[in-house]
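Chains as they are written, first to last, in the working numbering: chain W, 74 to 543; chain C, 74 to 543. Don't be surprised by glycine CBs; every beta carbon is placed ideally from N, CA and C. These numbers were taken from a predicted model, which means no experiment stands behind them. To start, the structure itself, in structure tokens.
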């Protein structure tokens, strides 16, 4: 007998069906037992005569039974299958559930993070989590569909790559073939996507995994996913318009509600004056209740800022006391290029950066890039780099800018964040299937962990005698 | 003046247009200069009076000119824009190309791997490479579309994870928060996808990046991309039918030709007898010329084999002299489960594994998984693991099998390989944008490389005094 989904059975009154799924609830009334059976498509009430002793809640079961119309007074209008029930003729336990280590009777938010992540395979069974993960899948596919329709090409870039200047610390990966040398995991595909513009693809995107060794916060893991996008022969407004259109189409495709059909644009200065921050929330209280998404653009950021001496990465990246505010690969705005090249009035130079904010969060950011050698060189010179240091850091980019690199620009949208907002959640972990814990442990699996000394030998590494490091 | 694509201009005879792109070829006839301009949509001939001295081949240029119909005798039927040409009224060099470090006049196959990868941003400009990378993008999107239509959910799994038993060596990533401990990069999402079945998603897929520290061969890097897929409440034939259908739809969507509308099925024994190998080529010589894809399934593999003593990973994984042939998470076929549980007749036990072969290559493989504790435990017992060792290796899986894990199975299809076959290429590197070199170097970027001693300090690591390791 082949399996049928629960969502399909209301039409099958009078027929015998075989269902497979999980025991959602069980009420043992002695002579009769009521089971709510759950599969990915829904739930249905099953009635069995006698007890079903072995059939514990959350067990996986195959149930064969007759689809019966319920009497009018027993119809449950709150579920799609409320007009019928299954009279069980036979059942078979496919996998019995022992006592559950975490409860599934709530939305899970009152349970500690560690048990939720350790038993994530159970935690994800919650209706809310199922909805969130499916929403994520659908939203990303809606984005992809729109991008393909606009002739973007999906291109994968390497996971094992070289350390780049992205403003955070790299995770490094020891090489066995060259002991003592290391790959870095990508903080973003920034340079590769620019090189794809040099390569002539003109429109690139990737749902890209980015990995940064940042200090952990309650709501930040080491990994995140971004819609990474780059376009050739464009100006700032072209990219902003394209991204706005793609975002709107995808959000509507999954039922999201937008505050503004056209995203308002604020300068950085206006944002600070009006909201005291460049991450502001344009929603009214009423809109907050309705789950509306209020997007806005912020432009005209300064290119450079004074180094924050408490930020080790900033200090390391700058040798002049000046560092970039957003992205060293950006181009300054046209009217500031002369100053930029001459290293004058650094505090006055505005970048082509555009940030997308949504409901008080930063949803993404991008810029028109430097596509000629002199501008990129000047950026690093203004940060105090010598010619040799520039060559070592971005020499391959400079060479690419000498063989026909078109004007280009792009953006990176934080997909975890966008899905979180869409789902009405307030933590990124609610929209990631297997997030890392706040202490940096991998969900379910116990990483990081010890490795065999033989492997370290092969990698040419030794673990230092432990200090009390943190 | 806004840009227009070259593919759009044949309809615009008599109009003035602005094109942007690369100088594909240039012929300087003194009084007249002929340029073939190239953008992502095609090429067109541009005619300028006088010389265009600075405009070198592969420079990026903006050309404004009049679209003119060619005289009948000058029509070039070999290109879509052959009926017109552009009479240049103005041009502006957007990025000048100096001498190219590699030639673009050939298909590139005669150029050494190192320069091709070092200057990959140029190498990718070849028509062949553009086609391959775009084919990859379209094929993967066709797969996704079909999977979504069949209610599969796209779910991302972690990059920083724990070492698992997948038959190859892990890349490891040192933890800064727990110096001396390590994450591992995923060899495949095998365990996560099974846990997603425990979580009730029923149909999962992911275009997954897998990373393995394997000995390099000419045609193998450390990274590869697979269509990773898992389904609940299925038997072997259900997965095979679903995968076959998805594959056929996606291949046809990008113009691929199939030898057989229904993929023939061979047992492992038959394959060895008939072809001397389980990776065989069913094409005739005629079909080889026509670029046909000949798929076949291979089933009924032995579950266990004697350890190959020359294979360090196999030796490490087994303590009894027996190891798995394909996947330790597979279920044996029903009729062998008793022997499996009792550890008898190990050489006789057949696994539920199915391999997909295409044109002599292995295109993918999967199985019905063990979904109850005893079967998975027995697999490791048969490999000589103690209870403690089993608990340490797969304890989290055993626990998941006690809280309602449905019967499930899946597959992993090697997408690099499939696209390579579809593109008519013989090397995986021809269908990967930035492949790793045969010596393990990252394209364009120079990884692996040295890292600053300060970072190693933070990670609690020390580089051993170099031995002559390889």
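Going by DSSP, residue 346 (chain C) is part of the alpha helix (DSSP H) stretching over 341-348.
Taken in chain order, the unbroken stretches of beta strand (DSSP E) that lie wholly in the segment 287-362 of chain W and span 3 residues or more are 296-305 and 338-340. For residue 443 (chain W), there is no enclosing alpha helix (DSSP H), as DSSP gives it neither H nor E. Spatial neighbours of residue 127 (chain C) in its own chain (CB-CB distance under 8 Å, excluding positions within 5 residues in sequence) are listed in chain order as 166 and 169.
Nearest to residue 97 (chain C) by alpha-carbon distance, out of C:228, C:279, C:173 and C:418, is C:173.
Here the alpha carbons of residue 493 (chain W) and residue 77 (chain C) stand approximately 38 Å from one another. Shown in chain order are the members of the segment 212-243 of chain W whose Cβ falls below 9 Å from a Cβ of chain C: 213, 214, 217, 218, 221, 224, 225, 226, 227, 228, 229, 230, 231, 232, 233, 234, 235, 236, 237, 242 and 243. Taking a C-beta distance under 7 Å as the contact criterion, residue 253 (chain C) and residue 508 (chain C) do not qualify as a contact pair. Distances from the CA of residue 481 (chain C) to each of C:501, C:471, C:512 and C:404 were compared; the closest alpha carbon is that of C:404. For residue 489 (chain C), the three-state secondary structure derived from DSSP is helix.
Contact check between the segment 295-303 of chain W and the segment 185-202 of chain W: fewer than three CB pairs, one atom from each, fall below 8 Å, which does not count as touching. Rounded to the nearest angstrom, the gap between the Cα atoms of residue 162 (chain C) and residue 137 (chain C) is 6 Å.
Scanning the segment 378-446 of chain W for uninterrupted beta strand (DSSP E) segments of 3 residues or longer gives 395-397, 427-431 and 434-441, listed from N- to C-terminal end. The Cβ atoms of residue 370 (chain C) and residue 336 (chain C) sit closer than 7 Å to each other. Counting of Cβ neighbours within 10 angstroms places residue 385 (chain C) among the exposed residues, the total staying below 16.
For residue 470 (chain C), no pairing in a beta bridge is given by DSSP.
Within the segment 297-308 of chain C, 298 and 306 place their CB atoms closer than 7 Å to a CB of chain W, listed in sequence order. Considering only beta carbons, the part of the segment 158-187 of chain W lying closer than 7 Å to chain C consists of 167, 168, 170, 171 and 173, in chain order.
Taking a 10 Å sphere around the C-beta of residue 152 (chain W), we find fewer than 16 other C-beta atoms and assign the residue as exposed. In this model, residue 310 (chain W) and residue 423 (chain W) are separated by some 16 Å (Cα to Cα).
Between residue 506 (chain W) and residue 248 (chain W), the alpha-carbon positions lie close to 30 Å from each other.
According to DSSP, residue 99 (chain W) shares a beta bridge with W:108. Residues of the segment 399-415 of chain W whose Cβ lies closer than 8 Å to any Cβ of chain C: none. For the segment 414-438 of chain W, the beta-carbon criterion of a distance under 8 Å to any beta-carbon of chain C is satisfied by none of its residues. Under the three-state reduction of DSSP output, residue 148 (chain C) falls in the coil class, being neither helix nor strand.
Counting of Cβ neighbours within 10 angstroms places residue 479 (chain W) among the buried residues, the total reaching 16 or more. The C-beta of residue 469 (chain W) comes closer than 7 Å to at least one C-beta of chain C. Judged by DSSP in its simplified three-state form, residue 453 (chain C) adopts helix. Residue 176 (chain W) sits exposed, since fewer than 16 C-beta atoms from the chains shown fall within 10 Å of its C-beta. Residue state for residue 179 (chain C) is assigned as coil, using DSSP reduced to three classes. For residue 474 (chain C), the neighbours in chain W by C-beta distance under 8 Å run, in chain order, 168.
Distance from residue 432 (chain C) to residue 327 (chain C) at the Cβ level is roughly 16 Å; contact not present, criterion being Cβ atoms closer than 8 Å. Under the three-state reduction of DSSP, residue 247 (chain C) is assigned to strand. Residues of chain W whose Cβ lies closer than 9 Å to the Cβ of residue 125 (chain C) do not exist, since the nearest Cβ in that chain is about 15 Å away. Collapsing the DSSP output to three states places residue 270 (chain C) in a helix. Listed in chain order, the alpha helix (DSSP H) runs fully inside the segment 157-209 of chain C are 186-191 and 193-196, counting runs of at least 4 residues.
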